[in-house]
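Going down the list, the protein sequences come from chains A and Z.
Heads up: the first sequence runs through residues 0 to 250, numbered per numbering that gives the first Met the number 0.
Heads up: the second sequence runs through residues 0 to 104, numbered per numbering that gives the first Met the number 0.
The block underneath contains the structure these notes are about, expressed in structure tokens.
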Amino acid sequence: MFAGWDIHEKLSAIGRSSISTMPYVPHWPTVPDWSPMLPLLFWLPLGLLMAIGVAPRVVGALLVLTMTVILLGDQRTYSNHLYFLILLVFLLSFVPSSRRQTAVRSWPVTLLKCQGSVLYGFGALSKVTPMYLTGWMLAGTVDRRWWGWIPEWSESPLIFAGIALLTIVVEAWLAAALWSPRFRRAAVVTGLTLHAGCVLLLRDVKIDLIVFGLSSVSLYPLFFLSPAHEISTPGLRPGRILNTDPAATAI
Amino acid sequence: MRKTFIFLYLLIQIAVPTILLFFPDRPTRFGWQMFSGSRLPFFSRLFTDGRRVPVSLQEVQLVVGVVRSELDYERYVPPILCKREPFAGAILSEHGPRVRRWPCR
């Protein structure tokens, strides 16, 4: 719903702009007359159906298709959180979801967890540049209203350079620590702080950072699922499964 | 089949961002390069009488609609900035040490 709202806002802004289309490459097929209501009309009901487990593969395919059309239709409708959501929905459509089932297949869950690590890992690696490490990017994006109560020295370039380095370390650590039983809980707290910090401290925060934070954090519970032995239930092919309910080990 | 799918999925998800790390401009799409840089240049108009007037971020936002770090601004924005100011002779775009000039026709 948030993603649909975000794209609705973007499509409305694109509709008011001087450039009708910004294709990735010349003559790229674009949909010139985007209806800003389209994502809201499609994604909200499809997302709800997906959440309650109604035909996850069909609904997932429809969601992935409609979101990919928006993602690739114009340079301005690309966003990392939309791309991330597409991948999550794609993988989720392989996870059988029903209230009667207390176990899920392990491989889509493992891929979802890997996706989270890929996100944080490359987020950290891509920031290892002289430009980012100087703190210049952060200094330009932090909402100055939050710094009013902090002493003036805190606006020194050295402080922003320190925070820039810290964000890289935190993202790199999250990529690995979520897999470790020892550090998992600390990683969850750190991740929640990181995403909340982005939403609260960055300037011109729109709905996209909220979507990004929610979709990233939504993967955290998966790291707490416990692996279990193979079972065969109607609708579930035999294979390694993950328990979502401790009682299911008795099956 | 399942193993191939898992292998291909992970290969794509690791290989694509890895290759994109070697591209000179940051951020790029599909590389999880959030907040790693900005490709938004500093635009200014050059008038025929020699004046140089900076283009505000608000005007760029008005032209583009959605300001994002990885947009291909230099391909799309200069012609529109020319159209919006008939007396402009050229548009200058500065991005770090790189300065480019776009003549208005």
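Virtual Cβ for every residue (Gly too), placed ideally from N, Cα, C.
Any idea if residue i is buried or exposed, counting beta-carbon neighbours within 10 angstroms, 16 or more meaning buried?
i, result
"residue 126 of chain A", "buried"
"residue 67 of chain Z", "buried"
"residue 211 of chain A", "buried"
"residue 85 of chain A", "buried"
"residue 93 of chain Z", "exposed"
"residue 207 of chain A", "buried"
"residue 7 of chain A", "buried"
"residue 5 of chain A", "buried"
"residue 297 of chain A", "As shown, chain A starts at 0 and ends at 250. That puts residue 297 of chain A outside it, with no answer to give."
"residue 57 of chain Z", "exposed"
"residue 106 of chain A", "buried"
"residue 14 of chain Z", "exposed"
"residue 19 of chain A", "exposed"
"residue 181 of chain A", "exposed"
"residue 78 of chain A", "buried"
"residue 3 of chain Z", "exposed"
"residue 70 of chain Z", "buried"
"residue 40 of chain Z", "buried"
"residue 0 of chain Z", "exposed"
"residue 26 of chain A", "exposed"
"residue 95 of chain Z", "exposed"
"residue 16 of chain Z", "buried"
"residue 57 of chain A", "exposed"
"residue 15 of chain A", "exposed"
"residue 80 of chain Z", "buried"
With DSSP as the reference, identify every bridge partner of residue i, one or two as the case may be.
i, result
"residue 100 of chain Z", "Z/91"
"residue 110 of chain A", "Note: residue 110 of chain A sits in no beta bridge, so no partner."
"residue 58 of chain A", "Answer is none; residue 58 of chain A lacks a bridge partner."
"residue 94 of chain A", "Residue 94 of chain A pairs with nothing; no bridge assigned."
"residue 141 of chain A", "A/201"
Report all residues from its chain with a CB closer than 7 Å to the CB of residue i; omit the five preceding and five following residues, and keep chain order.
i, result
"residue 221 of chain A", "108, 111 and 112"
"residue 11 of chain A", "35"
"residue 9 of chain Z", "none"
Would DSSP call residue i helix, strand or coil?
i, result
"residue 43 of chain Z", "strand"
"residue 51 of chain Z", "strand"
"residue 183 of chain A", "helix"
"residue 218 of chain A", "coil"
"residue 210 of chain A", "helix"
"residue 201 of chain A", "strand"
"residue 25 of chain Z", "coil"
"residue 67 of chain Z", "coil"
"residue 38 of chain Z", "coil"
"residue 86 of chain Z", "coil"
"residue 0 of chain Z", "coil"
"residue 303 of chain A", "Here chain A comprises residues numbered 0 to 250, so residue 303 of chain A is not present and cannot be evaluated."
"residue 73 of chain A", "coil"
"residue 12 of chain Z", "helix"
"residue 38 of chain A", "helix"
"residue 31 of chain Z", "coil"
"residue 156 of chain A", "helix"
"residue 9 of chain A", "helix"
"residue 24 of chain A", "coil"
"residue 18 of chain A", "coil"
"residue 133 of chain A", "coil"
"residue 128 of chain A", "coil"
"residue 122 of chain A", "helix"
"residue 178 of chain A", "coil"
"residue 52 of chain A", "coil"
"residue 20 of chain Z", "coil"
Taking 6 Å as the limit between beta carbons, can you name the residues of its chain near residue i, skipping five residues before and five after?
i, result
"residue 77 of chain Z", "90 and 101"
"residue 13 of chain A", "75"
"residue 159 of chain A", "134, 137 and 138"
"residue 132 of chain A", "163"
Starting from the C-beta of residue i, find all residues in its chain whose C-beta is less than 8 Å away, skip the five residues before and the five after it, and write them out in chain order.
i, result
"residue 86 of chain Z", "46 and 47"
"residue 1 of chain A", "206, 209, 210 and 213"
"residue 88 of chain A", "49, 59, 62, 63 and 66"
"residue 193 of chain A", "166, 169, 170 and 173"
"residue 47 of chain A", "none"
"residue 54 of chain A", "48"
Taking 7 Å as the CB-CB cut-off, is residue i touching chain D?
i, result
"residue 32 of chain Z", "No chain D appears in the structure shown, which is made up of the protein chains A and Z."
*Check whether the region 112 to 123 of chain A touches the region 169 to 177 of chain A, counting contact only when three or more Cβ pairs, one atom from each stretch, lie closer than 8 Å.*
Touching, yes, given that three or more Cβ pairs across the two stretches are closer than 8 Å.
_Counting beta carbon pairs with one atom in the region 33 to 40 of chain Z and one in the region 130 to 143 of chain A, are three or more of them shorter than 8 Å?_
Contact holds: three or more Cβ-Cβ distances are below 8 Å.
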